[in-house]
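K.L.:
For the record, the sequence lines run as chains A and B. Last residue of the first sequence: number 809 in this note's numbering, and the count goes up by one each step with no gaps. Last residue of the second sequence: number 230 in this note's numbering, and the count goes up by one each step with no gaps. Structure below; questions to follow.
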Amino acid sequence: MPFLIMLFAWLLPISVVLGEPPALRTDNLDSRLVAARTAVVPGQPLRIGLWLQHDPEWHTYWLNPGDSGLPTRVALELPPGFTAGPIQWPIPERLPAGPLVNFGYSDTIVLPLELTVPANIDAETVTIRARADWLICKIECIPGDGEYTLTLPVAHAAEPQPRWAEDFARAERRQPVPAAAPAAISFTDETVELRLPAQLGPAPTAAWTFFPATAQVVSNTAAPRWLETADGVALVLPKSDYFVGAPERFEFLLARGDTGLTFAAHAAAVPGADTAPAEVGAPGFLLALGLALVGGLILNLMPCVFPVLFLKAAGTIEAGGDRALLRRHGLIYTAGVVTSFLAIAALLLALRASGEALGWGFQLQAPAFVAALVLLFFVLAMNFAGLFEFGGGGLAGAGQRLVRGHGDRQAFFTGVLACLVASPCTAPFMGVALGVALLLPAPAALAIFAALGLGLALPILALGWVPGLARLLPRPGAWLETFRRVLAFPLLLTVAWLLWVYGEQTSVLAMSWLLAALVGVAFGLWLLHAGGGWRVLGYGTLVLCIALPLVRAPEVAAPAETGARALHETWTPERLAELRAAGHPVLVNMTAAWCITCLANERMALSSGAFREALESRGVQYLKGDWTRRDSSITSYLESFGRSGVPLYVLYPGPGREPIVLPQLLTVEIVQQALNNI
Amino acid sequence: MKKTLGIALVLALAAPAVLAADAKIGAPAPAFTLTDIDGEARSLAEFAGKTVVLEWTNHECPFVVKHYDGKNLPRQQADAVGDGIVWLVVNSSAPGKQGHVSAEQARTIQADWNATQTAYLFDTDGTVGRAYGAKTTPHMYIIDADGVLRYNGAIDSIPSANIADIEKADQFVELALAELADGKQVSRPLTQPYGCSVKY
Numbered sequence: 132m133p134f135l136i137m138l139f140a141w142l143l144p145i146s147v148v149l150g151e152p153p154a155l156r157t158d159n160l161d162s163r164l165v166a167a168r169t170a171v172v173p174g175q176p177l178r179i180g181l182w183l184q185h186d187p188e189w190h191t192y193w194l195n196p197g198d199s200g201l202p203t204r205v206a207l208e209l210p211p212g213f214t215a216g217p218i219q220w221p222i223p224e225r226l227p228a229g230p231l232v233n234f235g236y237s238d239t240i241v242l243p244l245e246l247t248v249p250a251n252i253d254a255e256t257v258t259i260r261a262r263a264d265w266l267i268c269k270i271e272c273i274p275g276d277g278e279y280t281l282t283l284p285v286a287h288a289a290e291p292q293p294r295w296a297e298d299f300a301r302a303e304r305r306q307p308v309p310a311a312a313p314a315a316i317s318f319t320d321e322t323v324e325l326r327l328p329a330q331l332g333p334a335p336t337a338a339w340t341f342f343p344a345t346a347q348v349v350s351n352t353a354a355p356r357w358l359e360t361a362d363g364v365a366l367v368l369p370k371s372d373y374f375v376g377a378p379e380r381f382e383f384l385l386a387r388g389d390t391g392l393t394f395a396a397h398a399a400a401v402p403g404a405d406t407a408p409a410e411v412g413a414p415g416f417l418l419a420l421g422l423a424l425v426g427g428l429i430l431n432l433m434p435c436v437f438p439v440l441f442l443k444a445a446g447t448i449e450a451g452g453d454r455a456l457l458r459r460h461g462l463i464y465t466a467g468v469v470t471s472f473l474a475i476a477a478l479l480l481a482l483r484a485s486g487e488a489l490g491w492g493f494q495l496q497a498p499a500f501v502a503a504l505v506l507l508f509f510v511l512a513m514n515f516a517g518l519f520e521f522g523g524g525g526l527a528g529a530g531q532r533l534v535r536g537h538g539d540r541q542a543f544f545t546g547v548l549a550c551l552v553a554s555p556c557t558a559p560f561m562g563v564a565l566g567v568a569l570l571l572p573a574p575a576a577l578a579i580f581a582a583l584g585l586g587l588a589l590p591i592l593a594l595g596w597v598p599g600l601a602r603l604l605p606r607p608g609a610w611l612e613t614f615r616r617v618l619a620f621p622l623l624l625t626v627a628w629l630l631w632v633y634g635e636q637t638s639v640l641a642m643s644w645l646l647a648a649l650v651g652v653a654f655g656l657w658l659l660h661a662g663g664g665w666r667v668l669g670y671g672t673l674v675l676c677i678a679l680p681l682v683r684a685p686e687v688a689a690p691a692e693t694g695a696r697a698l699h700e701t702w703t704p705e706r707l708a709e710l711r712a713a714g715h716p717v718l719v720n721m722t723a724a725w726c727i728t729c730l731a732n733e734r735m736a737l738s739s740g741a742f743r744e745a746l747e748s749r750g751v752q753y754l755k756g757d758w759t760r761r762d763s764s765i766t767s768y769l770e771s772f773g774r775s776g777v778p779l780y781v782l783y784p785g786p787g788r789e790p791i792v793l794p795q796l797l798t799v800e801i802v803q804q805a806l807n808n809i
Numbered sequence: 031m032k033k034t035l036g037i038a039l040v041l042a043l044a045a046p047a048v049l050a051a052d053a054k055i056g057a058p059a060p061a062f063t064l065t066d067i068d069g070e071a072r073s074l075a076e077f078a079g080k081t082v083v084l085e086w087t088n089h090e091c092p093f094v095v096k097h098y099d100g101k102n103l104p105r106q107q108a109d110a111v112g113d114g115i116v117w118l119v120v121n122s123s124a125p126g127k128q129g130h131v132s133a134e135q136a137r138t139i140q141a142d143w144n145a146t147q148t149a150y151l152f153d154t155d156g157t158v159g160r161a162y163g164a165k166t167t168p169h170m171y172i173i174d175a176d177g178v179l180r181y182n183g184a185i186d187s188i189p190s191a192n193i194a195d196i197e198k199a200d201q202f203v204e205l206a207l208a209e210l211a212d213g214k215q216v217s218r219p220l221t222q223p224y225g226c227s228v229k230y
């Protein structure tokens, strides 16, 4: 029967009455293509719409249909010169169906679309064709579709079409408006938190209804938990059962009666900022590029890069005053640094695209990577200390030839090494640049990482190109051998620190095994001096002691509980929200054992008696988050401040005030001043 | 290997539940015992050691009709059963609701569609549907030979009731079964199911 009706509709002559198309009857629905005005006026936009009259208790769906259902779709066939915007969805209804919830419309509605009309129309009438399909449900569901033709006269002026005026007016009235600023979104294992921007015209409250416009992020069924936090309102929702990763953009609607506000939220939107990160334009990009370059340059002064600079320095001095050689090696070193930064960045972007919550320094969150660095630095230190010298070939020679001496390959791999050891350090300016990088499309993000590498390589590059600079270098001589022996000790200190990181990530037992492997490596290297069968044994020992810790790297262990009452509490999103809701000022410190900058700050600025007194006198709660191991809630917290790595220091001064982000290099004065301003 | 495990772990953690209280990717699938079309009790445990596909059905739902009339489900069932996979069709429609049928009706419906499921199970009180968080018909799950849930979601990638879309869509269940057969992780273990709501 419906088929016959549709057939009949098809056979109807195109323009029975101008502007008054007959309704198409399909299962439980009357539908039409209608216009808000009586005529098309050249050069003036024209509002048309799909008019739907549902039988009682039946409904069709919104752009996100919810747990079941399908959104209604309209495809237009327009005369030349006309263009159409998307459906302007009016505020939908929440439609519970057993344990499920859908979003849609009932009774009579118009789904409006705005057409742009060309300034010149060389015809007396204009015909618009449309094809729509939908799913209409009561309890059961029936898919439907229809084809429509709307013919309107062309005129110099047009009147509102009285027949549809009320329906269009209702759709207009129920049209949600975009909120003045984006919301911030963050994720925990089970929940999604949406922080609304401050100072919205009509401020939504718990009496408003929540509609997720982007599917597969939050549960459709649960009503949000509304939290009043010091700097605004946050909504907490369970994740969708089908949540597979943080979306690039999450849109939602809050509505009460005919008032609706639409929000766009990006994972890294800075709360209160009025530009969405996706709109980081050319200036933002160039600025980030500049910050990355400066950050990379300053990275040379950070403690983690020192050992590698020593290495490079030794090679440079051996090259003597040969400017051409210095230039060549400077360029190759730069290529090594930039290539490895790009490789790590590409891996990071790929893993993030697959849904992993990772940030800068992520490679140090893997114990196997830390173990590899330990072994590498230890072998280098043994070489510098003179335990073994490289011969013509073989394993020991290979490792050493890569980074010592003054060949092309050495220059390149010293660059690779510089990048590897730089990763635990964050220099000023770097945090902002990398935070921006992770929001940009991949090519732009890679450009920022490349700029960072270039900045890191710049001083060595300058040696070859800035006249006079190379002449400042001392002449090579016998002292160079002594210098090399001395360099073994900073390398060993690096080994000690990395062992501590490894121990923090795993266990004392695992760290002891790694230490035993180091002893084995030293023994194996020493055996290489001996001839014949002893050399074979040496190689065997080396392979075993290097391969075992890498292949059998233990899993990251949970942090040990410390019984002693510490100055700080462990950071969790819930604890932070709780303290802020109670009106306490809070200092958040995001740190990691492998982050030297973090550790330096804690030693210098965050453990003094003055710091403790300042905290206590102002009643500031101190929360510390440890990112040594992977933690997606910390990653999303970092991202909410546009950062992708540690350290991050945030001071929440208290009710009604915006959080303050402290610099990445802290001094006692900076911290005290910040605390005094509460 | 460790990486893929890591990703699977992240996904497992990312699948909380309102309705799907027990069904989590990477975790043991909820056990059940239901009555089949012949009145016999069938349990998930009896299929231990075999890969099991669960398909939620409602013969009056246009989305189910799409995949049977479009020969998509019968073809996938025949292929899977031919490969030694267990295919269970589950009907959670409550008495008096759409899709609630007698054993005899179910037999006729499936025969008319050339369906070759291993068993057709009645979940009249919706217990199993709720435990798995079945939301739509069709809604598909894959449980591996060790009883671990490997897939939860849509039958394919194009949410529509239009038969013509079947060949353009990625057939999620078929792809996941192929990956499991190759000893790989399922690359898309969670998708948003589409269709009619389950008539609990």
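Think of the CB as a built atom: it goes at the ideal place given N, C-alpha and C, for glycine as much as any other residue.
Give me the chain A residues within the contact set of residue 72 of chain B, using Cβ-Cβ distance strictly less than 9 angstroms, ordered along the chain.
P.N.:
The premise fails here: residue 72 of chain B is roughly 25 angstroms from chain A at the closest Cβ pair, so nothing lies under 9 angstroms.
K.L.:
Which of helix, strand or coil does DSSP assign to residue 162 of chain A?
P.N.:
Strand, per DSSP.
K.L.:
Please compile the residues from chain A whose C-beta is within a distance smaller than 8 angstroms of the C-beta of residue 187 of chain B.
P.N.:
Neighbours of residue 187 of chain B on chain A: none; closest Cβ ~13 angstroms, over 8 angstroms.
K.L.:
Looking at C-alpha atoms only, which residue of A:182, A:293, A:311 is the closest neighbour of residue 264 of chain A?
P.N.:
Measuring from the Cα of residue 264 of chain A, the nearest candidate turns out to be A:182.
K.L.:
Using a Cβ-Cβ cutoff of less than 7 angstroms, which residues in the same chain neighbour residue 529 of chain A once the five nearest sequence positions on both sides are dropped?
P.N.:
Below a pLDDT of 50, predicted positions are generally treated as unreliable, and residue 529 of chain A, at 45, falls in that range; the measurement from the model is reported next regardless. For residue 529 of chain A, where only same-chain residues beyond five positions count, there are no Cβ hits under 7 angstroms.
K.L.:
Output yes or no for whether 8 angstroms exceeds the beta carbon distance between residue 180 of chain B and residue 188 of chain B.
P.N.:
No, these two residues do not count as a Cβ contact at 8 angstroms.
K.L.:
Between which residues of its own chain and residue 58 of chain B is the CB-CB distance below 7 angstroms, once the five residues before and five after are set aside?
P.N.:
177, 178, listed in sequence order.
K.L.:
What does residue 236 of chain A touch in chain B if you count any residue whose Cβ is under 9 angstroms from its own?
P.N.:
Residues of chain B passing the Cβ test: none, with the nearest at roughly 17 angstroms.
K.L.:
Verify the CB distance criterion: does residue 212 of chain A have a CB-CB separation below 8 angstroms to chain B?
P.N.:
Residue 212 of chain A does not count as touching chain B.
K.L.:
Tell me the start and end of each unbroken beta strand (DSSP E) in the region 710-783 of chain A that is at least 3 residues and wholly inside, in chain order.
P.N.:
With a minimum length of 3 residues, the continuous beta strand (DSSP E) runs that stay inside the region 710-783 of chain A are 717-722, 752-757, 779-783.
K.L.:
What does the Cβ neighbour count give for residue 217 of chain A, buried or exposed, with the cut at 16 atoms within 10 Å?
P.N.:
Answer is exposed; the Cβ neighbour count stays below 16.
K.L.:
Using a Cβ-Cβ distance under 8 angstroms, would residue 266 of chain A count as near chain B?
P.N.:
Chain B, which has a Cβ nearer than 8 angstroms to the Cβ of residue 266 of chain A, makes this yes.
K.L.:
Give a yes or no on whether the minimum CB-CB distance between residue 147 of chain B and chain A is below 8 angstroms.
P.N.:
Judged by the 8 angstroms Cβ criterion, residue 147 of chain B is not in contact with chain A.
K.L.:
So that I know if they touch, is there some Cβ in chain A lying closer than 8 angstroms to that of residue 117 of chain B?
P.N.:
It does not: the Cβ of residue 117 of chain B has no partner Cβ on chain A nearer than 8 angstroms.
K.L.:
When the cut-off is 8 angstroms and only beta carbons count, does residue 160 of chain B lie next to chain A?
P.N.:
Yes, residue 160 of chain B lies at the interface with chain A (some Cβ there is under 8 angstroms from its Cβ).
K.L.:
Could you work out which residues of chain A lie near residue 135 of chain B, taking near to mean beta carbons separated by less than 8 angstroms?
P.N.:
Neighbours of residue 135 of chain B on chain A: none; closest Cβ ~16 angstroms, over 8 angstroms.
K.L.:
With a threshold of 6 angstroms on Cβ separation, who are the neighbours of residue 669 of chain A within its own chain once the five nearest residues in sequence on each side are excluded?
P.N.:
Closer than 6 angstroms at the Cβ level, and outside the excluded window around residue 669 of chain A, lie 655, 658, 659.
K.L.:
Is residue 230 of chain B close to chain A, meaning its C-beta is less than 8 angstroms from at least one C-beta of that chain?
P.N.:
So, interface residue.
K.L.:
Is the distance from the Cβ of residue 179 of chain A to the Cβ of residue 325 of chain A below 8 angstroms?
P.N.:
No, these two residues do not count as a Cβ contact at 8 angstroms.
K.L.:
So residue 285 of chain A and residue 252 of chain A are supposed to be a Cβ contact under 8 angstroms. How far apart are they, rounded?
P.N.:
About 5 angstroms; that satisfies the 8 angstroms criterion.
K.L.:
Does the distance from the CB of residue 185 of chain B to the CB of residue 203 of chain B come in under 8 angstroms?
P.N.:
A contact, by the Cβ cut-off of 8 angstroms.
K.L.:
Tell me which residues share the same chain as residue 381 of chain A and place their Cβ nearer than 7 angstroms to its Cβ, disregarding the 5 neighbours each side in the sequence.
P.N.:
Contacts found: 316, 345, 348, 396.
K.L.:
Please tell me whether residue 165 of chain B and residue 198 of chain A are closer than 8 angstroms, where the distance is taken between their beta carbons.
P.N.:
The answer is yes: Cβ separation under 8 angstroms.
K.L.:
Beta-carbon of residue 373 of chain A versus every beta-carbon of chain B: anything under 8 angstroms?
P.N.:
Chain B, which has a Cβ nearer than 8 angstroms to the Cβ of residue 373 of chain A, makes this yes.
K.L.:
Give the range of the beta strand (DSSP E) segment to which residue 382 of chain A is assigned.
P.N.:
Start and end: 381-387.
K.L.:
Where do the N-terminal and C-terminal ends of the alpha helix (DSSP H) with residue 240 of chain A fall, by residue?
P.N.:
Unbroken run through residue 240 of chain A is the beta strand (DSSP E), 239-247; no alpha helix (DSSP H).
K.L.:
What are the boundary residues of the beta strand (DSSP E) that includes residue 208 of chain A?
P.N.:
Where residue 208 of chain A is concerned, the enclosing beta strand (DSSP E) stretches over 204-208.
K.L.:
In terms of residue numbering, what span does the beta strand (DSSP E) encompassing residue 120 of chain B cover?
P.N.:
Its beta strand (DSSP E) spans residues 116-121.
K.L.:
Starting from residue 323 of chain A, follow its DSSP beta bridges and name the residues at the other end.
P.N.:
DSSP lists A:318, A:368 as partners of residue 323 of chain A.
K.L.:
Which residues, in order along the region 197-231 of chain A, keep a beta-carbon less than 7 angstroms from a beta-carbon of chain B?
P.N.:
Result list: 198, 199, 201, 228, 229, 230, 231.
K.L.:
I need the DSSP call for residue 291 of chain A, collapsed to helix, strand or coil.
P.N.:
Three-state result, residue 291 of chain A: strand.
K.L.:
What are the boundary residues of the alpha helix (DSSP H) that residue 454 of chain A is part of?
P.N.:
Taken as a continuous stretch (DSSP letters only), the alpha helix (DSSP H) holding residue 454 of chain A covers 454-484.
K.L.:
What is the DSSP secondary structure of residue 337 of chain A, reduced to helix, strand or coil?
P.N.:
Note: residue 337 of chain A maps to coil in three-state DSSP.
K.L.:
Give the single residue among A:172, A:279, A:161, A:267 whose Cα lies nearest to the Cα of residue 208 of chain A.
P.N.:
Cα-wise, what sits closest to residue 208 of chain A is A:279.
K.L.:
What did DSSP end up calling residue 186 of chain B once you bin it into helix, strand or coil?
P.N.:
Three-state result, residue 186 of chain B: strand.
K.L.:
Please list, in chain order, the residues of the region 241-274 of chain A that have any C-beta partner in chain B closer than 9 angstroms.
P.N.:
Taking 9 angstroms as the Cβ-Cβ cut-off against chain B, the residues of the region 241-274 of chain A that qualify are 264, 266, 268, 270, 271, 272, 273, 274.
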